[in-house]
Amino acid sequence: MKKNDFIFSRFSEKLGQIAILIDPEKTQDHQRMVDLIKKADFAGVDYFFVGGSTVTPEQMERTIAVIKGHSETPVVIFPGDHQQVSERADGLLYLSLLSGRNPEYLIGQHVTSAKRVYNLQSLEIIPTAYILVDGGTSSSVAYVSQTTPIPRDKTTIAVNTALAGILQGKRLVYFDAGSGAKQSVPCEMLKELRKNDKRTPIIVGGGIRSVEQLAEFKNAGVNVTVVGNHIEENIDFLLEVNAYTKKTDQ
Ligand code: 1GP
């Protein structure tokens, strides 16, 4: 029996939630990671996402163990490949890279890991339409998956891709401009999807560096905004997030 819908229900609950993405490969320093976890909790962050393009299963396990040892905040795996699975986490974004046409990331990786994932007892699996949007720089995901992101001005293609995913049974839509993107996902795409589909939770990530962007995405109908790189570069951004979450909670 898989865990119930705890994470999915939380995603659906409200707009404007925040996730911190921890890439285990970039976070080898134990003390630094503990510091980050504590500051993220102080900032009122809603989730820790864990994953990366080239993370080993051992790095994954170790990182989740450290988070779980210091925080009650839910941990969600945002996998770079089929090996990035751990029962220590609360949820797994079961990604299909729908913006691409590489069968390996549409179904291949899933078949390779199906039996193992199917038999996991306690991990909540959330089928996710994963859509890459051009972020103005060549991203690791685009390179590793050998796919082309959707151009920024092709709103209709992006929305139709998301809707096709929803029709296939994906429960979430994740729009990603790629880690370290120069430009984040255009709000227009998100608003347009919201016009067509009011219910499916939307996650957005890639190149987010300000609390103003967090507010813009919330207004565009986004449930969870993911910040990765910027916190690795400047951990004090979490102080701004703290001020922001306090203000928006009032
Ligand atoms: C990338 O959505 C994530 O897959 C986060 O991106 O590292 O640019 O914040 P950043």
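Be aware that the sequence shown starts at 15, since it is given in the working numbering, and climbs by one per residue.
C-beta: ideal position from N, C-alpha, C; glycine also.
These numbers were taken from a predicted model, which means no experiment stands behind them.
Cβ pair count under 8 Å reaching 3, the segment 182-194 against the segment 123-136: no
If I follow the unbroken beta strand (DSSP E) through G183, where does it start and stop? The sequence position of residue 183 within the sequence shown is 169, counting from 1. According to the DSSP assignment, G183 belongs to no beta strand (DSSP E), since it is labelled neither H nor E.
Can N243 be considered in contact with the ligand 1GP, in the sense that its beta carbon sits closer than 7 Å to one or more heavy atoms? Stepping through the sequence shown from its first residue, residue 243 is reached at position 229. The answer is yes for N243.
According to DSSP, simplified to helix, strand and coil, what is F22? Mapped onto the sequence shown, residue 22 falls at position 8. Assignment of F22 by DSSP, reduced to helix, strand and coil, places it in the helix class.
Can the beta-carbon of F63 be found closer than 8 Å to that of V80? Numbered from 1 along the sequence shown, position 49 holds the residue referred to as residue 63. Numbered from 1 along the sequence shown, position 66 holds the residue referred to as residue 80. Going by C-beta atoms, F63 is not nearer than 8 Å to V80.
For M15, count neighbouring C-beta atoms within 10 Å of its own C-beta (all shown protein chains included) and say buried if the count is 16 or more, exposed if not. One-based indexing of the sequence shown puts residue 15 at position 1. The pLDDT assigned to M15 is 44, lower than 50, so where the model puts this residue is not dependable, and the model offers no usable value.
On the three-state DSSP scale, how would you describe T162? If you number the sequence shown from 1, residue 162 lands on position 148. If DSSP states are grouped into helix, strand and coil, T162 belongs with coil.
Is any beta-carbon of chain D found at less than 8 Å from that of G192? Among the protein chains of the structure shown there is no chain D, as only one such chain exists.
Should A195 be counted as a contact of the ligand 1GP given a C-beta to heavy atom distance under 7 Å? For this step, residue 195 is matched to residue 181 along the sequence shown. A195: yes, Cβ under 7 Å from the ligand 1GP.
Environment of R77 [buried if 16+ CB atoms lie within 10 Å]: Translated into positions along the sequence shown, residue 77 becomes position 63. Looking at the sequence itself, residue 77 is Thr, so the reference to Arg does not match. That one is buried.
For K52, tell me which candidate among N243, V69, G83, K28 has the shortest Cα-Cα distance. Within the sequence shown, the letter at position 38 stands for residue 52. If we check each option's Cα against that of K52, G83 comes out closest.
Could you check whether H244 and A222 sit closer than 8 Å to each other, using their CB atoms as the reference points? Translated into positions along the sequence shown, residue 222 becomes position 208. Translated into positions along the sequence shown, residue 244 becomes position 230. The displayed chain sequence assigns Ile, not Ala, to residue 222. Against a cut-off of 8 Å, the Cβ pair of H244 and I222 comes out as a contact.
I'd like to confirm something about D190: is its beta-carbon nearer than 7 Å to some heavy atom of the ligand 1GP, or not? Locating residue 190 in the sequence shown gives position 176, counting from the first residue. At a threshold of 7 Å, D190 counts as near the ligand 1GP, since its beta carbon sits closer than that to one of the ligand's heavy atoms.
Which residue marks the beginning of the beta strand (DSSP E) containing T142, and which one marks its end? Your numbering for residue 142 matches position 128 in the sequence shown. DSSP places T142 in the uninterrupted beta strand (DSSP E) bounded by 138-146.
Sheet register partners of S127 (DSSP bridge): Locating residue 127 in the sequence shown gives position 113, where the first residue counts as 1. Answer is none; S127 lacks a bridge partner.
Any chance you could list the alpha helix (DSSP H) runs of at least 4 consecutive residues sitting entirely within the segment 170-255, in chain order? 201-210, 225-233, 243-247
Tell me whether the beta-carbon of G105 lies closer than 8 Å to the beta-carbon of S67. The residue given as residue 105 occupies position 91 in the sequence shown. The residue given as residue 67 occupies position 53 in the sequence shown. In this structure, S67 does not lie closer than 8 Å to G105 by Cβ.
Cα-Cα separation, V236 to L29: Here the question's residue 236 lines up with position 222 in the sequence shown. Here the question's residue 29 lines up with position 15 in the sequence shown. Cα to Cα, the separation comes out at about 6 Å.
Closest Cα partner of S110 within the set P71, S193, I140, D263: Counting from 1 along the sequence shown, the entry for residue 110 is found at position 96. It is I140 whose Cα lies nearest to the Cα of S110.
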